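Structure first, commentary second.
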Amino acid sequence: MDTRKSQWEDSRTPPWLTRRADGRNSASSGAESDSEGSSTESERVTTDLHRVTCPRARGGAVLPPPHPHGVDSKALSTQRRITELDQQKEELKIELQLEVALLQGELQTERERLHKHTEQLHILRESRQKPTYSNTQQERIKLEKERVRLEEMKTKWKEREKLLTQTDGKWDTETQLQLQQEKEALDGAVKVFEDWEFRVLEMESSVEEERMEGETEREISREQHAINSTQERVRQLEQQLKEMEKEKEKEISSLREEKRELLHQTHRVLKENKPVIDSSNSTGSASTMASLSPLANHRAVQDMSGSTRRRSSHRKVSERPMSVQGEACKSVALRSVK
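This is how it looks when you write it as structure tokens:
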């Protein structure tokens with residue numbers, strides 16, 4: 001009877017209440033299986049995470065993220081060229097300012113020299129307007145005629161004075177008065193003649209000096225030549241200054257146009273390669289995530305382990321009421337058999 005009871009009890013014992021040989025029940029074994037399964041699953045997830053976030057080449061090396069090296073190098077080269085163009089433009093401006101200042105200084109000096117020569121030539125030409133030798137000769141002829149006339153007047157006056165002396169002053173008063181007037185006129189004519197003669201002598205002296213030296217004409221010739229040379233030099237400097245300004249402006253315009261073309265080309269290249277740059281940015285973000293993948297994978301494993309532990313604990317909590325219910329059923333069965 002006890003044997004049948006024992007067999008019946010064994011047959012009536014629920015499988016989840018059977019004990020294992022090592023003393024652990026099937027629920028704990030299931031928990032361990034779940035834990036092992038969760039651990040395996042975590043390892044698989046970790047492996048999957050590493051496989052997804054860490055791209056590798058055939059040899060096992062980590063692949064670098066795609067990067068538009070061509071675009072960057074071209075942009076850097078263009079930027080360097082633009083900097084060189086700006087520097088060349090500034091150097092050209094400084095060089096132009098220096099050369100223009102030198103030319104303007106030389107031009108100002110030549111203009112002052114031209115003004116000086118022009119004034120000297122004007123003075124020489126005025127001095128050349130003085131009486132020439134022919135004019136002096138004519139004055140000399142007139143002077144000699146006046147001299148002859150004065151000599152005649154003197155002779156007549158002397159004769160009349162001599163006649164008056166011979167008559168012992170018996171001339172009438174009117175004749176004496178007339179003789180006195182002739183004497184005064186003769187003295188006045190002599191004085192005028194002397195002044196005139198002095199001027200003629202000065203003219204002859206001046207003309208003689210000019211004829212002997214010839215400085216006036218030579219000075220005029222030299223000044224005229226200097227004026228012509230200075231005018232030609234001024235004209236050349238003005239033309240050179242204009243050509244230099246045009247040449248430098250042309251060079252600066254060429255540099256400015258090249259800079260504008262480079263900027264336009266850079267803008268076009270950046271616009272064309274914008275998808276590549278966006279892809280590079282996305283790949284860079286993925287690479288950053290890949291570099292952080294050990295930490296992320298560790299967190300993922302912890303999350304999976306935590307969820308497994310929570311699931312195992314939940315199973316244990318749900319199985320305990322069932323075990324109690326099984327014990328209650330066993331007690332009821334034993335009572336009924338008894």
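So for the sequence shown, UniProt numbering puts the first residue at 1; every next one is plus one. Where a beta carbon is used, it is the ideal one built from N, C-alpha and C, also for glycine. Predicted model, so just to flag it, every value in this text is computed and none were measured.
CA nearest to the CA of residue i, picked from the options
i, options, result
"residue 160", "100, 233 and 180", "180"
"residue 116", "235, 230 and 247", "230"
"residue 189", "94, 177, 220 and 154", "154"
"residue 102", "253, 260, 257 and 241", "241"
"residue 89", "270, 267, 249 and 266", "249"
"residue 237", "87, 96, 100 and 73", "100"
Rounded separation between residue i and residue j - CA only
i, j, result
"residue 148", "residue 184", "18 Å"
"residue 244", "residue 91", "15 Å"
"residue 340", "residue 109", "Absent from the structure is residue 340, since the part of the chain shown begins at 1 and ends at 338."
"residue 253", "residue 111", "32 Å"
"residue 151", "residue 174", "25 Å"
"residue 270", "residue 257", "20 Å"
"residue 233", "residue 217", "24 Å"
"residue 272", "residue 75", "13 Å"
"residue 176", "residue 193", "26 Å"
Min CB distance residue i to chain B below 8 Å
i, result
"residue 74", "Reference to chain B is not applicable here, since this structure consists of a single protein chain."
C-beta contact flag for residue i and residue j at 8 Å
i, j, result
"residue 182", "residue 157", "yes"
"residue 136", "residue 203", "yes"
"residue 144", "residue 196", "no"
Contact belief for residue i with residue j at Cβ below 8 Å, rounded distance in angstroms
i, j, result
"residue 78", "residue 262", "5 Å"
"residue 107", "residue 227", "In fact, because the Cβ distance is near 16 Å, the residues do not count as touching under 8 Å."
Close beta carbons around residue i, own chain, < 7 Å, minus the five adjacent residues each side
i, result
"residue 81", "262"
"residue 178", "none"
Beta-carbon proximity list for residue i, same chain, < 8 Å, skipping 5 on both sides
i, result
"residue 123", "none"
"residue 220", "121, 124, 125 and 128"
"residue 140", "200 and 204"
"residue 224", "121"
"residue 191", "none"
Nonlocal neighbours in the same chain, by C-beta distance under 6 Å from residue i, ignoring five residues either side
i, result
"residue 259", "82 and 85"
"residue 317", "A caution first: residue 317 carries a pLDDT of 45, below 50, which makes its placement in the model too unreliable to give a value."
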